[in-house]
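A.B. asks: Protein chains in written order, with our numbering: chain U, 1298 to 1667; chain R, 8 to 271.
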Amino acid sequence: MSVPTPPTLAFNVDPQSGTCALSGELSLHTVTHAQAFFRAQSGLKAVDIAALTRLDTAGAWFLLTQSAQGDAFAVTGASETAQSLLKTVAAAMPQPEAPLAKAPFVQAKLAEFGERVFSGVSYLYDITGFFGIVLHRIFRAIRHPKEFRFTALVHHCEEVGVKAVPIVALMAFLIGVVLAFQGSTQLRQFGAEVFVVDLIAISVLRELGILLTSIIVAGRTASAFTAAIGSMKMREEIDAMRTLGLDPAMVLFVPRILALLVMLPILGLIADVAGLFGGALMAWIDLGISPQMFTTRLVSGTGVNHVYTGLVKAPFFALIIGIVGCHAGMQVESNAESLGRMTSNAVVAAIFAVIVADAIFSIFFARLGI
Amino acid sequence: MTDQPTPDVIISVRGLRNQFGRHVVHEDLDLDVRRGEILGVVGGSGTGKSVLLRAIVGLQKPVGGSVTVLGVDVLKADEDTRSALEARWGVMFQDGALFSSLTVRENVEVPMRAIKGLDPAIRRQIADLKISMVGLPYNAGDKYPSELSGGMRKRAGLARALALDPEIVFLDEPTAGLDPIGASGFDALIVDLCRSLGLTVFLVTHDLDTLHATCDRIAVLAERKVLVTGTMQDMLEVQQPWVHEYFHGPRARAASAAPQSDRD
């Protein structure tokens, strides 16, 4: 079978009787052509379709609308099937409704802006309420330890923490390498190479270690929480739990958020160690600062309070990531698009909130002089 | 059944074999669909009703056998022949399978976009016509699939399957998940469109009411092949246990007791 030739339609107008005989195919393929031809005609009284080889719904629709809009012509020569087709199409003719009146541009934009502000505020309101529920369930779990799912906690600790160790350690190691390399090129200009140790130690321990760990965990874990809880919500598993007397907050949210609370400080500590190791290695290769010298300089020059300042932020970041991830999961509706949308929203919101919280901590510590 | 398809047979399946790993779904399966009929395919869960449909429309490559649709060997056809053939059939999937990022009208317009030189304004109006033909209100055209109920999504899926005025329509479980009123409305719609547009319908279903209300012939899938084909009357006389149970069970009695007047 070769590629079929495009269907054609021919017109044969008899000006005296006002009859137009069609031959060929009146279908989707030729209807545009037919419309152009009929626009140029006037005074048609009848259209003969006896010689058509094919008439489809588009063709029938065309004959009916042309006859209704322009000259009211009669359709003659229709076979039995063509007549039944014309009848079906005539019965199904869409009745257009007037589209809703649109608001003026400025008004529409203002309304859109207002809606966005409102949804932002109500999101904050919602998530505060969600935080309250989770806090309540955590205290309830302390009072009634039997209701708490310890196995789930261990499982999530593994998922959230243990499995994230390689990527977190590698990331921190590379950050240490980069800092040592960049720092050494700049500090060499002043002959102050040895200060690269302070540079690495303070930036990794205070800020970068925990912040970058949190960002990686937010990307990994917030999305996993949203996807897991969201798909349960989508398949009505959450509703099923409620009818079985299980509290979704206690069963799903508390173990996940507690697992993050336990694991994120540990991951932060691992990141700190890996970052210092990467920095020390690079300082040794690039600047010739031996590991012994690095250690001595690190211990004498950098107070241990930098470690605390960094790690004290971990539980707050963990709460933010856990709450945002679980909350987004509960917002998933019963279709797959909303699952995808909420998952990416959760990651963006969690990373953004972590960075905002980090900025607030920086200002807070600076004011306190820590 | 002869091996030489008679002229009015428009789908002919011969010796079809489908298997997933070591699990054989179909073996030596033969089936004919005649022009202008509504053929209902029934069978227990897991007998491969949907697999058969997918094999005929080319979504599932069978291990062996041949499938001839409208005189074209589907499995051996080249790309051009296949795409010409695809314009001559329409498929309605179980939940409509509408593109979720497009409105219903845009969904119906998708197959028509392939037609060269079709005026977009006309395309829009013909999409509106198809939407109205399947019994959806005019304003449904502007809605997104997620805003529609299950029954409306199925109707919209049918409108998209009908967009190019196909000769054959494949329907996968058209009434599954619909309430009885919606389901019988859909049955009536299928019969109506089939008769007035001269469609041939290949219908996979579980619904005995649909079988009674719409189908000219029924094909029963069991024991990895088409066990029997025939009219509802023929089915009632088959002695094979599963077929007997299916057509004589309590639900079957209720369905056959229903008035047959809605067939016309």
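Cβ atoms here follow ideal geometry from the backbone N, Cα and C, with glycine treated the same way.
Per DSSP, LEU1509/U forms a beta bridge with which residues?
C.D. replies: Counting from 1 along the first sequence, the entry for residue 1509/U is found at position 212. Paired residues: none, contrary to the question.
A.B. asks: Relative to chain U, which residues along the stretch 127-143 of chain R have a C-beta separation below 8 Å, given in chain order?
C.D. replies: Against chain U - using a Cβ distance shorter than 8 Å - the residues of the stretch 127-143 of chain R are ILE129, GLN132, ILE133, ASP135, LEU136, LYS137, ILE138, SER139, MET140.
A.B. asks: With a threshold of 7 Å between beta-carbons, can ASP80/R be considered close to chain U, or not?
C.D. replies: Position 73 of the second sequence, counting from 1, holds the residue named residue 80/R. False, the Cβ-Cβ gap to chain U never drops below 7 Å.
A.B. asks: Terminal residues of the continuous alpha helix (DSSP H) containing SER191/R?
C.D. replies: Here residue 191/R is taken as the residue at index 184 of the second sequence, counted from 1. Segment 187-204, the alpha helix (DSSP H) holding SER191/R.
A.B. asks: Does the beta carbon of TYR145/R sit closer than 7 Å to a beta carbon anywhere in chain U?
C.D. replies: Here residue 145/R refers to the residue found at position 138 when the second sequence is read from its first residue. So yes, TYR145/R belongs to the interface.
A.B. asks: Could you tell me which residues DSSP puts in a beta bridge with VAL40/R?
C.D. replies: On the second sequence, position 33 is the one that residue 40/R refers to. Beta-bridge pairing links VAL40/R to ILE18/R.
A.B. asks: Would you call the CB atoms of THR1350/U and GLU1377/U closer than 7 Å?
C.D. replies: The residue labelled residue 1350/U in the question sits at position 53 within the first sequence. The residue labelled residue 1377/U in the question sits at position 80 within the first sequence. No.
A.B. asks: In terms of residues, what are the limits of the alpha helix (DSSP H) holding ASP179/R?
C.D. replies: Reading the second sequence from its first residue, position 172 is the one you call residue 179/R. Taken as a continuous stretch (DSSP letters only), ASP179/R belongs to no alpha helix (DSSP H), being part of the beta strand (DSSP E) at 175-179.
A.B. asks: Could you tell me which of HIS1453/U, VAL1431/U, THR1599/U sits nearest to MET1547/U, measuring between CA atoms?
C.D. replies: As a first step, residue 1547/U must be located in the first sequence, where it is residue number 250. Checked all of HIS1453/U, VAL1431/U, THR1599/U; the closest Cα to MET1547/U is VAL1431/U.
A.B. asks: Taking the straight line between their C-alpha atoms, what separation do you get for PHE1669/U and SER107/R?
C.D. replies: Since the first and last residues shown for chain U are 1298 and 1667, residue 1669/U lies out of range.
A.B. asks: Which value, in whole angstroms, describes the spacing of the CA atoms of ALA149/R and GLY1626/U?
C.D. replies: One-based indexing of the second sequence puts residue 149/R at position 142. One-based indexing of the first sequence puts residue 1626/U at position 329. Note that residue 149/R corresponds to Asp in the displayed sequence, not to Ala. When rounded, the distance between both Cα atoms is 29 Å.
A.B. asks: Counting contacts by CB-CB distance shorter than 7 Å, is SER90/R in contact with chain U?
C.D. replies: The residue labelled residue 90/R in the question sits at position 83 within the second sequence. So no, SER90/R is outside the interface.
A.B. asks: If we require 4 or more residues per run, which alpha helix (DSSP H) segments fall completely within the stretch 1587-1637 of chain U?
C.D. replies: Taking only runs of at least 4 residues, the alpha helix (DSSP H) segments lying wholly in the stretch 1587-1637 of chain U are 1588-1598, 1602-1608, 1611-1627.
A.B. asks: With a Cβ-Cβ cutoff of 7 Å, do LEU136/R and TRP1358/U count as a contact?
C.D. replies: On the second sequence, residue 136/R is found 129 positions in, with the first residue counted as 1. On the first sequence, residue 1358/U is found 61 positions in, with the first residue counted as 1. Yes, the pair counts as a contact, with Cβ atoms nearer than the cut-off.
A.B. asks: Report yes or no: is there a C-beta of chain U within less than 7 Å of the C-beta of ASP15/R?
C.D. replies: Translated into positions along the second sequence, residue 15/R becomes position 8. Closer than 7 Å: no.
A.B. asks: At a CB distance below 9 Å, what residues from the stretch 187-207 of chain R approach chain U? Give them in sequence order.
C.D. replies: Here the close residues are ASP199, LEU200, ARG202, SER203, LEU204, GLY205.
A.B. asks: With a threshold of 7 Å between beta-carbons, can LEU23/R be considered close to chain U, or not?
C.D. replies: For this step, residue 23/R is matched to residue 16 along the second sequence. With 7 Å as the cut-off, LEU23/R does not count as an interface residue toward chain U.
A.B. asks: What's the gap between the Cα of ILE1497/U and the Cα of GLN67/R?
C.D. replies: Locating residue 1497/U in the first sequence gives position 200, where the first residue counts as 1. Locating residue 67/R in the second sequence gives position 60, where the first residue counts as 1. Using only the alpha carbons, I get a separation of about 59 Å.
A.B. asks: What whole-angstrom Cβ distance do PRO181/R and THR212/R have, given they're in contact under 8 Å?
C.D. replies: Position 174 of the second sequence holds residue 181/R. Position 205 of the second sequence holds residue 212/R. About 7 Å separates the two Cβ atoms, so the contact holds.
A.B. asks: Nearest-angstrom Cα distance between LEU272/R and GLY1480/U?
C.D. replies: Since the first residue shown for chain R is 8 and the last is 271, residue 272/R is missing from the structure and cannot be characterised.
A.B. asks: Enumerate in chain order the residues of its own chain whose CB-to-CB distance from LEU165/R is below 7 Å, with the five nearest sequence positions on each side excluded.
C.D. replies: Along the second sequence, one-based indexing puts residue 165/R at 158. Result list for LEU165/R: MET99, VAL141, in chain order.
A.B. asks: Name, please, each residue of chain U whose Cβ falls closer than 9 Å to the Cβ of LEU215/R.
C.D. replies: Locating residue 215/R in the second sequence gives position 208, where the first residue counts as 1. Here the premise fails: no neighbours, minimum Cβ distance about 28 Å.
A.B. asks: Hey, is VAL1300/U's beta-carbon within less than 7 Å of any beta-carbon in chain R?
C.D. replies: Here residue 1300/U corresponds to residue number 3 of the first sequence, with the count starting at 1. Its pLDDT being 49, under 50, VAL1300/U is placed unreliably by the model, and the measurement read from it follows with that caveat. Yes, because at least one Cβ of chain R sits closer than 7 Å to the Cβ of VAL1300/U.
A.B. asks: Rounded to a whole number of angstroms, what is the C-alpha to C-alpha distance between GLN1467/U and LEU1557/U?
C.D. replies: As a working mapping, residue 1467/U is identified with position 170 in the first sequence. As a working mapping, residue 1557/U is identified with position 260 in the first sequence. Here residue 1467/U is Leu; the residue named in the question, Gln, does not match the sequence. Each residue's alpha carbon lies about 20 Å from the other.
A.B. asks: Could you check whether the Cβ of THR1305/U sits closer than 7 Å to any Cβ belonging to chain R?
C.D. replies: As a working mapping, residue 1305/U is identified with position 8 in the first sequence. No, THR1305/U lies away from the interface with chain R (no Cβ there is under 7 Å from its Cβ).
A.B. asks: Classify ARG167/R as helix, strand or coil using the three-state DSSP reduction.
C.D. replies: Locating residue 167/R in the second sequence gives position 160, counting from the first residue. Helix, per DSSP.
A.B. asks: What residue range is occupied by the uninterrupted alpha helix (DSSP H) comprising SER108/R?
C.D. replies: Here residue 108/R is taken as the residue at index 101 of the second sequence, counted from 1. Counting along the chain, SER108/R falls outside any alpha helix (DSSP H), and DSSP gives it neither H nor E.
A.B. asks: Given that ASP172/R touches chain U, what residues does it touch there, using C-beta distances under 8 Å?
C.D. replies: Start at 1 with the first residue of the second sequence, and residue 172/R comes out as number 165. Within 8 Å Cβ-Cβ: SER1324, LEU1325, ASP1353, THR1354, ALA1355.
A.B. asks: Per DSSP, which one or two residues make a beta bridge with VAL213/R?
C.D. replies: Translated into positions along the second sequence, residue 213/R becomes position 206. A small fix is needed here, since residue 213/R is His in this sequence, not Val. For HIS213/R, which the question treats as bridged, DSSP gives no partner whatsoever.
A.B. asks: If I measure Cβ to Cβ from GLY192/R and keep anything under 6 Å in the same chain, skipping five residues before and after, which residues do I get?
C.D. replies: On the second sequence, residue 192/R is found 185 positions in, with the first residue counted as 1. For GLY192/R, where only same-chain residues beyond five positions count, there are no Cβ hits under 6 Å.
A.B. asks: Does the pairing of the stretch 79-90 of chain R with the stretch 252-264 of chain R give three or more beta-carbon distances under 8 Å?
C.D. replies: No, the stretch 79-90 of chain R does not touch the stretch 252-264 of chain R.
A.B. asks: In this structure, does DSSP put LYS232/R in helix, strand or coil?
C.D. replies: Working through the second sequence from its first residue, we reach residue 232/R at position 225. LYS232/R falls in the strand class under three-state DSSP.
A.B. asks: According to DSSP, is GLU1/R part of a helix, a strand, or is it coil?
C.D. replies: Limits of chain R in this structure are 8 at one end and 271 at the other, which puts residue 1/R out of reach.
A.B. asks: When you compare only the Cα positions, how much space is there between HIS1326/U and VAL1457/U?
C.D. replies: Along the first sequence, one-based indexing puts residue 1326/U at 29. Along the first sequence, one-based indexing puts residue 1457/U at 160. Those two C-alpha atoms are separated by around 58 Å.
A.B. asks: Three Cβ pairs or more, each shorter than 8 Å: is that satisfied between the stretch 1606-1615 of chain U and the stretch 1491-1511 of chain U?
C.D. replies: With the cut-off at 8 Å, the stretch 1606-1615 of chain U and the stretch 1491-1511 of chain U touch.
A.B. asks: Please tell me whether ASN1309/U has its Cβ less than 7 Å away from any Cβ of chain R.
C.D. replies: Position 12 of the first sequence holds residue 1309/U. Not an interface residue.
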